[in-house]
Amino acid sequence: MREYLLTLCITAAVTYLLTGPVRKFAIAAGAMPEIRARDVHREPTPRLGGIAMFGGLCAGLLVASQLTNVGKMFTLSDEPRALLAGAGIIWILGVLDDKWGVDALIKLGGQMVAAAVMVLQGLQILYLPVPFVGGVSLSPGVSTLLTVAVVVVTINAVNFVDGLDGLASGMVCIAALAFFMYAYRLWYGYGMETAASATLFSAILIGMCVGFLPHNLHPARIFMGDSGSMLIGLMLAGAAVSITGQVDPDAITPLTGSERNTVHAMVPVYIPLLLPLTVIAIPAADLVLAIVRRTWKGQSPFAADRGHLHHRLLEVGHSHSRAVLIMYFWSALIAFGAVAVSVQSNSLLIMLAIVVLSAAGLVVLLLPRFKPRAPRWAEAFVPPRYRRRARAAGAGTEPGGDRAPTAEEAARGANGAHALGAGTGPAGAREEREARVG
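Residue numbers for the sequence shown follow my numbering, so the first one is 6 and each next one is one higher.
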């Protein structure tokens, strides 16, 4: 665990430190597209944040390769090399798109090439656990098609949801954290050494998102662009494919007691590959709805519009920050709920907690104008708009925007006006003439 945490921290630090220089480079290179009709930001913002994220990825893999335990997988498995090759292809494609723009079909072809390169180097789906049947080994052709489909769909799901400041990076960070917890449980709890690669990929992905988020939160100083959104989408797909491709369900059966228990324990992670990806079910649902909506209107599935889920949250009345937090909440509930069910499927407490949290999320979703008040002890840790004092001061503002005077200020103003008035009548004018003559 310490080596994974070290890799995560190094990745986050490198990504964070590189983002500032990358922002200056993006401005100098002119990677600041004009504001489009579907955009929600008001000022041109530099892109190319994916350059810093790719630097964090390379730094994380380099550090991990030098560690005692984690470094062994670089000699025993080709998966890290396969992931880096696919990430390099998708990153170059994204950089070109951020600077000059790339046709949607060309981007789709590049995504398929990146996925195919990963498959050729050994990162592919080999097994699928089927309920009431057990682990099913896939043929090479089916394995290749399924792996390419999972990678392409995940990349586009993440790319489609990248519409608000901090939204894509935060949601992928949540999904990667859920993957990390499950993969580490397989590796440490069940002794499955083949799950080490997925654990490493998830840790590096968390570091990339954590390092970039401080620069990308609202109001964002830089966007990750397609070079970043497609990169983290491929990383997330690579982690899921790594678990499925290298962990044989039959090897866990002696530890779980039966083949049925093994399939049940692994299904919450493999369901993402079939739906695809429960841990990013919100972006996947947004992707499906966008394709259906645009096709129904006779448009290209890749034509941009303002019909995404985050756009609808803004139209309902939610603020930018609240819309992002709502998307975070539902992503975390689905992802960690699946992991919790995989650990203890018969726990009534887990199911009750999921139901209660879902109800709370629906209440917040339907009350866009509601602003919670933080307790006094927590006021120093929340934005000013959630503090009681700030709200009380804001309640004393006049419609024109100027603050209404307090009683003390009003009294001082009245006295000043009285004194001024004393010198403005006939007596005051006479005193002024006398003083002028003197």
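All C-beta atoms, glycine included, are put in the ideal place defined by N, C-alpha and C.
- Three or more beta-carbon pairs separated by less than 8 Å link the segment 53-73 to the segment 96-114, which places the two stretches in contact.
- In the displayed model, S363 falls within a helix according to three-state DSSP.
- Counting only the Cα atoms, L131 lies some 18 Å from L239.
- One alpha carbon belongs to E198, the other to S336, and they sit about 28 Å apart.
- Taking A364 as reference, the option from I331, A295, A383 with the minimal CA-CA separation is I331.
- Contact check between the segment 105-112 and the segment 139-153: fewer than three CB pairs, one atom from each, fall below 8 Å, which does not count as touching.
- Leaving aside the five residues that flank R190 on each side, the residues in its chain whose CB is nearer than 8 Å to its CB run, in chain order, V348.
- L133 is bridged by DSSP to V141.
- The Cβ atoms of Q116 and M235 lie closer than 9 Å to each other.
- Of the residues assessed, V155 falls on the buried side of the cut-off, its CB having 16 or more other CB atoms within 10 angstroms.
- Each residue's CA atom was taken as its position, placing L66 and N161 some 24 Å apart.
- The criterion of a C-beta distance shorter than 9 Å is satisfied by A201 and V75.
- Listed in chain order, the non-local C-beta contacts of L318 below 7 Å within the same chain comprise A328, I331, local neighbours out to five positions each way being set aside.
- Annotated three-state conformation of A188 is helix, per DSSP.
- Here G303 is actually not in contact with L338; their C-beta atoms are around 36 Å apart, not less than 8 Å.
- The residue from L113, P26, V166 with its alpha-carbon nearest to that of D291 is V166.
- At least 9 Å separates the beta-carbon of L10 from that of V215.
- With contacts defined as CB atoms closer than 9 Å, M37 and P26 fail to qualify as a contacting pair.
- Taking the Cα positions, W96 is about 37 Å away from V369.
- Shown here for M123: same chain residues with a beta carbon closer than 6 Å to its own, the five before and five after excluded, namely A87, G91 in chain order.
- In the structure shown, S82 falls within a coil segment according to DSSP collapsed to helix, strand and coil.
- Annotation: the continuous alpha helix (DSSP H) that includes F59 extends over 55-70.
- At the C-beta level, V360 and A183 stay beyond 9 Å of one another.
- When the five nearest sequence neighbours on each side are left out, the beta carbons in the same chain lying within less than 8 Å of the beta carbon of G55 are those of W96, G99, V100, D103, M229, G230, D231, S232, G233, S234, M235, L236, in order along the chain.
- Contact between I209 and T16 holds: their C-beta atoms lie close to 5 Å from each other, under 8 Å.
- A check of alpha carbon separations from M176 across A31, F217, L371, R381 identifies F217 as the nearest.
- Distance between A188 and A245, taken at the CA atoms: about 9 Å.
- Between A120 and A383, the alpha-carbon positions lie close to 47 Å from each other.
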